[in-house]
Amino acid sequence: MFDFTVEASAGDSEARVGNFRTPHGDIETPVFMPVGTKATVKSLDYKDLEALGAEIILANTYHLAMRPGSELVKKMGGLHKWMHWDHPILTDSGGFQVFSLKDSAKITDDGVEFQSHLDGNKHFFSPEKVIEIQENLGADIIMAFDECAPAGVDEAYARKAMERTHAWAKRCLAAKTRADQALFPIVQGSRFANLREESAQFMASLGTPGIAIGGVSVGEDTEQKFYAVDAAIKHLPKDKPRYLMGVGTPDDILEAVDRGCDMFDCVLATRLARHKSFWDFDGRHDITNQKYSEDESPLCAGIPCYASTDFSKSYLRHLTMENELLSMRLLTLHNIAFLFHLMKQIRAHIKTGTFQSFKKDFLTRFLKA
RNA sequence: GUGGGUGUAGCUCAGUUGGUUAGAGCGCCAGGUUGUGGCCCUGGAGGCCGUGGGUUCAAGCCCCAUCACUCACC
């Protein structure tokens with residue numbers, strides 16, 4: 058269980074195509090994992106996700122623990138059965154939510170006390186508690202509890218958060234009881250190369266089936282982000298999947314794959330859809346722009362999804378301007394389909410040894426001003 | 001018909017005792033959004049202040065007339 062095999066490596070890059078085996082099926086990497094925070098990828102159901110070709114989706118520990126509670130999900134047979142998704146699932150640990158709720162959170166070596174965003178009630182997350190919740194939820198891949206330091210912290214703070222994350226990773230491993238779940242620890246260290254290297258070496262030593270790089274996409278610029286990734290990834294084992302958390306623009310994914318990252322999750326694809334934006338090969342666009350009002354062209358030709366090809370920009374703009382439910386659904390379908398198409402092309406070009414030229418061509422067009 | 005009220009941005013309205021380039025919210029136009037948020041943030045365009053006269057150095061604010069809408073009473 059949880060075997061990872063590298064099936065192809067790009068000659069001109071650290072990029073590789075791999076296969077990760079889980080109890081609910083194999084995942085071909087590099088993979089993008091759509092985010093389904095509250096056990097639903099907003100506006101989509103399992104049939105939509107299967108039609109899109111989703112291999113694995115995310116759900117969120119913090120949100121499900123607050124409501125309806127992980128015990129209820131366990132009682133209903135676990136996440137897979139409950140949401141009728143018979144494919145791999147990954148649950149986040151709640152570490153990032155602690156980061157987001159930092160105003161009301163008290164962090165100690167033992168864990169984090171925080172107030173629910175729903176009703177203000179006090180809760181306490183410890184590494185052991187977070188494992189218990191994730192075992193109740195029943196995902197295939199579960200994440201270690203971590204402290205995600207905000208961008209811009211000084212080195213002393215970054216070290217403190219990193220060391221706490223290391224101690225918590227060991228406690229998560231010790232608390233874990235289910236053999237059918239893979240625990241991924243999370244490399245921290247903020248923007249400091251020495252810390253990133255130390256953290257990567259520590260997490261690699263734990264011998265888990267995969268390792269995540271966290272603490273990026275928290276407000277830093279692209280250069281800092283990949284400076285941190287570069288420092289960490291050279292100490293991560295090549296025979297384990299590397300999961301870069303929270304990264305999900307097409308350009309960032311290409312840069313990260315180039316460096317050897319295998320797994321990605323990001324709310325952007327689905328959130329941009331809710332916020333009226335879509336990707337195409339020329340970048341990101343706001344569908345409500347007036348220039349689309351009489352544009353009869355499809356949202357994005359060349360993407361194998363009916364939402365991308367079967368409706369005009371004019372119609373989608375109208376749906377969006379009117380806040381129709383269908384707008385969010387179609388834009389969500391398209392944005393996910395766009396990323397899946399990108400991942401498919403990435404895998405194909407790694408296999409044929411043409412990753413670098415593909416990356417260059419894609420970015421030249423996608424990022425042109 | 002009589003008496004009262006209201007007319008200021010596309011919409012709902014604010015405009016201090018008359019005093020520089022008349023404001024807000026929403027909408028519209030355009031940016032931003034990377035491990036939660038159908039959100040939020042930042043810019044921009046847009047007004048002969050119902051109309052016509054008058055008083056004043058100066059009127060969205062005061063006076064007269066007129067039109068429109070509205071309420072009450074005959």
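For the first sequence, our numbering gives the first residue as 58, with consecutive numbering after it. The beta-carbon is built from N, C-alpha and C at its ideal position, and this holds for glycine as well.
### Query
In terms of alpha-carbon separation, which member of T62, S247, T97 and E107 lies closest to F397?
To locate residue 397, count along the first sequence from 1; it is residue 340. Measuring from the Cα of F397, the nearest candidate turns out to be E107.
### Task
Tell me whether the beta-carbon of E71 lies closer than 8 Å to the beta-carbon of G317.
Taking the first residue of the first sequence as position 1, residue 71 is located at position 14. Taking the first residue of the first sequence as position 1, residue 317 is located at position 260. Yes.
### Extent of the continuous alpha helix (DSSP H) to which R216 belongs
Position 159 of the first sequence, counted from the start, is the residue given in the question as residue 216. For R216, the enclosing alpha helix (DSSP H) has its first and last residue at E212 to A232.
### Query
Do D60 and R73 have their CB atoms nearer than 8 Å?
Taking the first residue of the first sequence as position 1, residue 60 is located at position 3. Taking the first residue of the first sequence as position 1, residue 73 is located at position 16. No, the Cβ-Cβ distance between D60 and R73 is not below 8 Å.
### Message
According to DSSP, simplified to helix, strand and coil, what is Q172?
### Response
Here residue 172 is taken as the residue at index 115 of the first sequence, counted from 1. Q172 falls in the strand class under three-state DSSP.
### Query
With 16 as the cutoff for other CB atoms within 10 Å, does L382 come out buried or exposed?
As a first step, residue 382 must be located in the first sequence, where it is residue number 325. So L382 counts as exposed.
### Task
Let me know the beta strand (DSSP E) ranges lying completely inside the region 156-202, each 3 residues or longer, listed in chain order.
169-172, 179-182 and 198-200
#### Entry: T377 vs K99 beta-carbon contact at 8 Å
Taking the first residue of the first sequence as position 1, residue 377 is located at position 320. Taking the first residue of the first sequence as position 1, residue 99 is located at position 42. In this structure, K99 does not lie closer than 8 Å to T377 by Cβ.
### Query
Where does H342 sit, in a helix, a strand or coil, going by DSSP?
Walking along the first sequence from the start, residue 342 turns up at place 285. Correct three-state label for H342: strand.
#### Entry: Endpoints, alpha helix (DSSP H) assigned at S371
To locate residue 371, count along the first sequence from 1; it is residue 314. Here the alpha helix (DSSP H) through S371 covers K370 to M378.
### Query
For Q238, which residues from the same chain have a beta carbon less than 6 Å from its beta carbon, with the 5 sequence-adjacent residues on both sides left out?
Taking the first residue of the first sequence as position 1, residue 238 is located at position 181. I199, listed in sequence order.
### Task
Please state whether DSSP places D143 in a helix, a strand or coil.
Here residue 143 is taken as the residue at index 86 of the first sequence, counted from 1. Correct three-state label for D143: coil.
### Where V286 falls: helix, strand or coil (DSSP)
Within the first sequence, numbered from 1, the residue matching residue 286 stands at position 229. Helix.
### Query
Expressed to the nearest angstrom, what Euclidean distance is found between the alpha-carbon atoms of H375 and I344?
Position 318 of the first sequence, counted from the start, is the residue given in the question as residue 375. Position 287 of the first sequence, counted from the start, is the residue given in the question as residue 344. Going from the Cα of H375 to the Cα of I344 covers about 9 Å.
### Query
Relative to the C-alpha of C362, which residue among N380, R386 and G340 is closest?
Mapped onto the first sequence, residue 362 falls at position 305. Of N380, R386 and G340, the residue nearest in Cα terms is R386.
### Query
Leaving out five residues before and five after M219 in sequence, what residues of the same chain have Cβ atoms less than 7 Å from its Cβ?
The sequence position of residue 219 within the first sequence is 162, counting from 1. So the list reads Q245, G246, L252 and S256, once near-sequence residues are dropped.
### Task
Could you work out which residue in G110, F412 and W336 is closest to T306 when comparing CA atoms only?
Residue 306 sits at position 249 when you count from the first residue of the first sequence. Comparing Cα positions, the closest option is W336.
### Query
G276: buried (16+ other C-beta within 10 angstroms of its C-beta) or exposed?
If you number the first sequence from 1, residue 276 lands on position 219. Exposed, since its Cβ has fewer than 16 Cβ neighbours within 10 Å.
#### Entry: Range covered by the beta strand (DSSP E) that runs through R78
Stepping through the first sequence from its first residue, residue 78 is reached at position 21. Segment R73 to T79, the beta strand (DSSP E) holding R78.
### Task
Name, in chain order, the residues that DSSP records as bridge partners for F335.
Indexing the first sequence from 1 puts residue 335 at position 278. DSSP, once it has assigned bridges, lists H342 as partnering F335.
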